[in-house]
Amino acid sequence: MNRHCPVFIIESCAAIASDKFITSATLPLNVFTNKLSEHLNKYYLPISADMLGDIAESYLRVLVESNIDDSNDLLKSYVYNRIHFRRTGKNRSWGSAISNPSKGLKNLQFDFGMARRNFRAYIYSYKNHAANSRANGWTLDKFEHADFIKEIADFEYSGFDLLN
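If you count by my numbering, then the sequence shown holds residues 4 to 167, one letter each, in order.
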């Protein structure tokens, strides 16, 4: 709780919020970002729902600009990719006894422009069927390494969340 959330978890939550926003079609984006930021704030130093919302909005804009037909599959694959792989394509060492990828950061250096560029690059690799770009039926509830990440899959969102 005295460390910042890792960037890949922030980006994954923003992608989850974008995906839920697209599939709900009736709830505003801040319903999802509020719930996700509350959940992350239990484990890390506070992350504002506005920050998650800005990232999720930028992802949605990139999806619109890129003319993606299967945006839900792409966003789920992006979450899979961010959780299982580093930007370099190497596997995250979830089973390692020495380092834990979900361990917080001393300093949060989040760059919105970089997140948008990396998401745009991911879309390019997804369209070109690059390695590690597809989830192939994977869902967040199948993730077995960090329970607090897996819990996100069980979240229920409703209009009552607007009241919080």
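Glycine included, C-beta positions come from ideal geometry on N, C-alpha and C.
Worksheet item: Can you find at least 3 beta carbon pairs, one from the region 9-21 and one from the region 53-72, that sit closer than 8 Å?
Response: Under the three-pair Cβ rule at 8 Å, the region 9-21 counts as touching the region 53-72.
Worksheet item: Taking Cβ positions, are Ser-27 and Ser-40 nearer each other than 8 Å?
Response: Along the sequence shown, read from residue 1 onward, the residue named residue 27 stands at position 24. Along the sequence shown, read from residue 1 onward, the residue named residue 40 stands at position 37. Taking 8 Å as the cut-off, the Cβ atoms of Ser-27 and Ser-40 do not count as close.
Worksheet item: Which whole runs of the alpha helix (DSSP H) in the region 6-53 are 4 residues long or more, in chain order?
Response: Listed in chain order, the complete alpha helix (DSSP H) runs (minimum 4 residues) inside the region 6-53 are 10-27 and 32-44.
Worksheet item: Is it true that the region 128-147 meets the region 81-91, where meeting means three or more beta-carbon pairs spaced less than 8 Å apart?
Response: By the Cβ criterion, the region 128-147 is in contact with the region 81-91, since at least three pairs of Cβ atoms, one from each stretch, lie closer than 8 Å.
Worksheet entry | CB contact flag (Asp-22, Leu-78, <8 Å) | For the purposes of this step, residue 22 is taken as the residue at position 19 of the sequence shown. For the purposes of this step, residue 78 is taken as the residue at position 75 of the sequence shown. At the C-beta level, Asp-22 and Leu-78 come within 8 Å of one another.
Discussion item. Distance check for Pro-31 and Asn-94, CA to CA, integer angstroms please.
Written reply: Position 91 of the sequence shown, counted from the first residue, corresponds to residue 94. Position 28 of the sequence shown, counted from the first residue, corresponds to residue 31. Going by the C-alpha atoms only, they are around 34 Å apart.
Worksheet item: Where do the N-terminal and C-terminal ends of the alpha helix (DSSP H) with His-87 fall, by residue?
Response: For the purposes of this step, residue 87 is taken as residue 84 along the sequence shown, with counting starting at 1. Start and end: 74-87.
Fill in: Under the three-state DSSP convention, the category Leu-55 falls into
Stepping through the sequence shown from its first residue, residue 55 is reached at position 52. Reduced to three states, the DSSP call for Leu-55 is helix.
Discussion item. What does the Cβ neighbour count give for Phe-122, buried or exposed, with the cut at 16 atoms within 10 Å?
Written reply: Taking the sequence shown and counting its residues from 1, the one referred to as residue 122 is at position 119. A residue is called buried once 16 or more other Cβ atoms fall within 10 Å of its Cβ, and Phe-122 is buried on that count.
Discussion item. Can you check which of these residues, Glu-147, Lys-109, Leu-63 and Phe-88, is closest to Arg-119 by C-alpha distance?
Written reply: Within the sequence shown, the letter at position 116 stands for residue 119. Per the Cα distances, Leu-63.
Discussion item. Quick check: the Cα distance between Ser-96 and Val-34, rounded to an integer number of angstroms?
Written reply: One-based indexing of the sequence shown puts residue 96 at position 93. One-based indexing of the sequence shown puts residue 34 at position 31. The alpha-carbon atoms of Ser-96 and Val-34 are separated by roughly 32 Å.
Discussion item. Rounded to the nearest angstrom, what separates Gly-107 and Met-117 at their Cα positions?
Written reply: What you label residue 107 is simply residue 104 of the sequence shown in a count that begins at 1. What you label residue 117 is simply residue 114 of the sequence shown in a count that begins at 1. Distance between the alpha carbons of Gly-107 and Met-117: 20 Å.
Fill in: Distance between Phe-24 and Asn-131 (C-alpha atoms, nearest Å)
Translated into positions along the sequence shown, residue 131 becomes position 128. Translated into positions along the sequence shown, residue 24 becomes position 21. So the alpha carbons of these two residues sit roughly 26 Å apart.
Worksheet item: Between which two residues does the alpha helix (DSSP H) harbouring Asn-121 extend?
Response: Start at 1 with the first residue of the sequence shown, and residue 121 comes out as number 118. Run containing Asn-121: 115-130, per the alpha helix (DSSP H) assignment.
Worksheet item: Are the CB atoms of Asn-5 and Leu-48 nearer to each other than 8 Å?
Response: Walking along the sequence shown from the start, residue 5 turns up at place 2. Walking along the sequence shown from the start, residue 48 turns up at place 45. Closer than 8 Å, so yes.
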